[in-house]
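This report refers to the structure that appears directly beneath it.
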Amino acid sequence: EMLEKGGFDHFMMKEIYEQPRSIRDCMRGRIYPQQGRVQLGGLKEYAEKLKNIDRIIIVACGTSWHAGLVGEYLIEEYGRVPVEVEYASEFRYRNPIISEKDLVIAISQSGETADTMAALELAKDKGATIFGICNVVGASIPRITDAGVYTHAGPEIGVASTKAFTAQVTVLTLIALYIAQIKGTVSQSKLITLLTELNEIPDLIEQALKHNEEIKTIAAKFKDARNFLFLGRGSAFPVALEGALKLKEISYIHAEGYPAAEMKHGPIALIDEEMPVVFIATKHSSYEKVISNIQEVKARRGQVIAIVTEGDTEVKKMADYVIEIPQTDEAFLPLLATIPLQLLAYHIALMRGCNVDQPRNLAKSVTVE
Ligand code: G6P
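In the UniProt record's numbering, the protein residues as written are 243 to 611.
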């Protein structure tokens, strides 16, 4: 078993460290940075459809739903198509309004989740075009979809999804840029810049992983916390949701993710000196706004752990702890900011004596309702 874990103590840690490679595998043959071109063989026949699409509906559950939310930000920003992201379990029972004009994309690591499968079948019955973003080749979802893109992250054993999530986000990034390329909503020179940077992401993840020891030290300080808040804005909001989910899944600490600006509509009431608040506070469009949210937490004596851009000085002055990630374009922030949150959850869970690979009550794949 030690061999299977590649020298790591747990599958989860092995899978976290595999991410530079799994993302490289996911992008292989799909991006041509020098030409500013994305090629998605699985979607080729649907290029014309994508060019004229009015609306995309993403259906998923759990971590895959969080990836869908990141996809919403990216596809709307670059492809300029309205996107709705739905919990498959809600969507299927709501008599949703779908027609032949719609594109429904299911995201599923296993390709077997019962609710996601049922949501797709419903969309298919109503005449929508259906795509899948799956990790397991030949699973039920890829078998019923019209087209799709595999994530190629390799087998994921840890129940808490890590490398499958970042691979899903990578695929959604590629789809967003592919639509942009087809529709011409992003200039060729901008596509070259973006794809060149995306190509560097595996190396930047490698660098982000180097902060593991510091993260372990921070984990030791907060391992006995009873609650945690995770806050971010823009595409860092779904990252906050995912950070909270990782922590609660494997450490059993109650954690909530929120859009940072929504804090004042509720979670702020929970803040006192006992409350750790994890901020994604990198140097991107909402940097200044996140800084004022950090000040609001500090004014109430909350404990701030901030994910910051390398070399940041401003947030460092305010936060109790900072974890650096390399500078990157805002488009790729979710791929980097997720890494320290995975490590934080892992170390806290381990220090609490939890079974990180097989948390209680959870299944890797939920094939029944
Ligand atoms: C379960 C797993 C999660 C996963 C979710 C959706 O809850 O424990 O890690 O995100 O199912 O699974 P899927 O295979 O459809 O991505």
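Backbone N, C-alpha and C define an ideal beta-carbon position, used for all residues, glycine too.
- Within the model, the alpha-carbon separation for K247 versus N441 is close to 27 Å.
- DSSP places C596 in the coil class of the three-state scheme, outside both helix and strand.
- In the structure shown, E326 adopts extended strand secondary structure according to DSSP, grouped into three states.
- For H453, no beta strand (DSSP E) run applies, since DSSP gives it neither H nor E.
- With contacts defined by Cβ atoms closer than 9 Å, I299 and A365 form a contacting pair.
- Take the alpha-carbon of I375 and the one of T393: they are about 7 Å apart.
- Fully enclosed beta strand (DSSP E) runs of no fewer than 3 residues occupy 469–474, 496–501, 518–522, 545–551 and 563–567 of the UniProt domain "SIS" (460–601), in order along the chain.
- Every residue whose beta carbon comes nearer than 7 Å to a heavy atom of the ligand G6P appears here in chain order: A302, C303, G304, T305, S306, I349, S350, Q351, S352, G353, E354, T355, T358, V401, A402, S403, A406, L604, A605, K606, S607 and V608.
- In the DSSP assignment, I375 forms a beta bridge with I349 and V391.
- Approximately 6 Å separates the beta-carbon atoms of P509 and L471; this is inside 8 Å, confirming the contact.
- A straight line joining the alpha-carbon of Y315 with that of A467 spans about 32 Å.
- Beta-carbon to beta-carbon, D388 and T371 are separated by about 5 Å, close enough to satisfy the 8 Å threshold.
- The Cβ neighbour count for Q277, taken over all protein chains shown within 10 Å, is under 16; the residue is labelled exposed.
- By the neighbour-count definition (other C-beta atoms within 10 Å, threshold 16), P576 is a buried residue.
- Residue ranges of uninterrupted beta strand (DSSP E) with 3 or more members, entirely inside the stretch 269–343 and ordered along the chain, are 298–302 and 325–329.
- Membership of T415 in the alpha helix (DSSP H) is indicated by the continuous run K405 to K425.
- The three-state secondary structure of K432, taken from DSSP, is helix.
- Note on geometry: alpha-carbon atoms of I434 and P384 lie some 31 Å from one another.
- In this structure, the straight-line span from the alpha carbon of I386 to that of G396 is close to 21 Å.
- Between L604 and E491, the beta carbon gap of about 6 Å places them in contact (Cβ cut-off 8 Å).
- In this structure, the beta-carbon distance from M593 to A402 does not fall below 9 Å.
- Under the DSSP assignment, E257 falls in the alpha helix (DSSP H) whose first and last residues are F253 to Y259.
- In this chain, the alpha helix (DSSP H) harbouring A361 covers A356 to D367.
- Residue state for I399 is assigned as coil, using DSSP reduced to three classes.
- The beta carbons of I522 and L473 sit closer together than 9 Å.
- Y320 and L285 have their C-alpha atoms spaced approximately 17 Å apart.
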